[in-house]
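Chemist: Residue numbers (my numbering): -1 to 196. Just so it is clear, CB atoms sit at the ideal spot from N, CA and C, and this is done for glycine as well.
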């Protein structure tokens, strides 16, 4: 304490020093919190950008095979997309039908491949019937010249119609994705379960 300073003045001076120190420490804490917040925001922004890029890449390479019936309803025409040209396509039928797997060069599924076997398997009932034929489709498509091969179980939705003196005619109505993946045993089980009773 200097010679001219009273004890009240010294106490006031110490109080101001303490208050100044508190303000300085508070400023440092606020600066540190601001710095941490900015760092956290940047980190979250980078993570969000990475997720967005991965999602965009996944969306760009994602492709689900689709098909529509031809006008005569004797084949399913597989959809063609410029972004995902199709390569090899193999259609495998339930074992009970006795139909060999078909490789589709024309990117269609033709009723001629399984028509007789389907009519035989569903013979004995009404002429006009509708049902689902589970098939395993293995297909390759391209994204930016990079091939991707997928396999899935699809249902070929069919109907039969009686024809005078000609028996029954099979018409194809739709191609529907049933489940991804799959194998021969799975389509055999689905066919046993869903096959229309004779």
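Output yes or no for whether 8 angstroms exceeds the beta carbon distance between residue 153 and residue 190.
Modeler: Locating residue 153 in the chain shown gives position 155, where the first residue counts as 1. Locating residue 190 in the chain shown gives position 192, where the first residue counts as 1. Not a contact, by the Cβ cut-off of 8 angstroms.
Chemist: Restricting to Cα atoms, I'd like to know which of 99, 138 and 121 is closest to residue 83.
Modeler: Here residue 83 is taken as the residue at index 85 of the chain shown, counted from 1. Comparing Cα-Cα distances from residue 83 to each of 99, 138 and 121, the minimum goes to 138.
Chemist: For a quick check, are the C-beta atoms of residue 169 and residue 161 less than 8 angstroms apart?
Modeler: Start at 1 with the first residue of the chain shown, and residue 169 comes out as number 171. Start at 1 with the first residue of the chain shown, and residue 161 comes out as number 163. No, the pair does not count as a contact, with Cβ atoms beyond the cut-off.
Chemist: Residues in its own chain within less than 6 angstroms of residue 76 by CB, not counting five upstream and five downstream?
Modeler: As a working mapping, residue 76 is identified with position 78 in the chain shown. Within the same chain, residue 76 has close Cβ partners 65 and 105.
Chemist: As a quick exercise: from 151, 121, 188 and 186, pick the residue whose alpha carbon is nearest that of residue 63.
Modeler: Stepping through the chain shown from its first residue, residue 63 is reached at position 65. Of 151, 121, 188 and 186, the residue nearest in Cα terms is 151.
Chemist: To which residues of the same chain is residue 90 closer than 6 angstroms at the C-beta, ignoring the five residues directly before and after it?
Modeler: Indexing the chain shown from 1 puts residue 90 at position 92. Counting only Cβ-Cβ distances below 6 angstroms, and skipping sequence neighbours, we find 99 and 134.
Chemist: Where do the ends of the beta strand (DSSP E) carrying residue 167 lie?
Modeler: Here residue 167 refers to the residue found at position 169 of the chain shown. First-last of the beta strand (DSSP E) with residue 167: 165 to 178.
Chemist: Where do the ends of the beta strand (DSSP E) carrying residue 70 lie?
Modeler: In the chain shown, counting from the first residue as 1, residue 70 sits at position 72. Unbroken run through residue 70: none, as it is neither H nor E.
Chemist: Is DSSP giving residue 78 helix, strand or coil here?
Modeler: Locating residue 78 in the chain shown gives position 80, counting from the first residue. Three-state result, residue 78: coil.
Chemist: With which residues is residue 107 paired in a DSSP beta bridge?
Modeler: Translated into positions along the chain shown, residue 107 becomes position 109. 74.
Chemist: Could you please give the first and the last residue of the uninterrupted beta strand (DSSP E) stretch that includes residue 150?
Modeler: Position 152 of the chain shown holds residue 150. Here the beta strand (DSSP E) through residue 150 covers 144 to 161.
Chemist: Please name the residue in 166, 144 and 140 whose C-alpha comes closest to that of residue 80.
Modeler: The count along the chain shown starts at 1 and reaches residue 80 at position 82. Residue 80 has its Cα closest to that of 140, out of 166, 144 and 140.
Chemist: Around the Cβ of residue 185, are there at least 16 other Cβ atoms within 10 angstroms (buried) or fewer (exposed)?
Modeler: For this step, residue 185 is matched to residue 187 along the chain shown. Its Cβ being crowded by 16 or more others within 10 Å, residue 185 is buried.
Chemist: Between residue 85 and residue 131, what straight-line distance do the alpha-carbon atoms span, to the nearest angstrom?
Modeler: Sequence index remark: in the chain shown, residue 85 carries index 87 (1-based). Sequence index remark: in the chain shown, residue 131 carries index 133 (1-based). The straight-line gap from Cα to Cα measures roughly 23 angstroms.
Chemist: Can you say whether residue 124 is buried or exposed, counting buried as having 16 or more other CB atoms within 10 angstroms of its CB?
Modeler: For the purposes of this step, residue 124 is identified with residue 126 of the chain shown, where counting begins at 1. Under this definition residue 124 is an exposed residue.
Chemist: How many Å lie between residue 179 and residue 129 at the Cα?
Modeler: Within the chain shown, numbered from 1, the residue matching residue 179 stands at position 181. Within the chain shown, numbered from 1, the residue matching residue 129 stands at position 131. Distance between the alpha carbons of residue 179 and residue 129: 22 angstroms.
Chemist: Can you tell me where the beta strand (DSSP E) holding residue 86 begins and where it ends?
Modeler: Taking the chain shown and counting its residues from 1, one reaches residue 86 at position 88. Its beta strand (DSSP E) spans residues 84 to 90.
Chemist: Check whether the Cβ atoms of residue 67 and residue 127 sit closer than 8 angstroms, and answer yes or no.
Modeler: One-based indexing of the chain shown puts residue 67 at position 69. One-based indexing of the chain shown puts residue 127 at position 129. Not closer than 8 angstroms, so no.
Chemist: Does residue 25 come out as helix, strand or coil in the three-state DSSP assignment?
Modeler: Looking up residue 25 in the chain shown gives position 27. Residue state, collapsed to three classes: helix.
Chemist: Buried or exposed: residue 78, going by 16 or more other Cβ atoms within 10 Å of its Cβ?
Modeler: Here residue 78 refers to the residue found at position 80 of the chain shown. With fewer than 16 Cβ atoms within 10 Å of its Cβ, residue 78 is classed as exposed.
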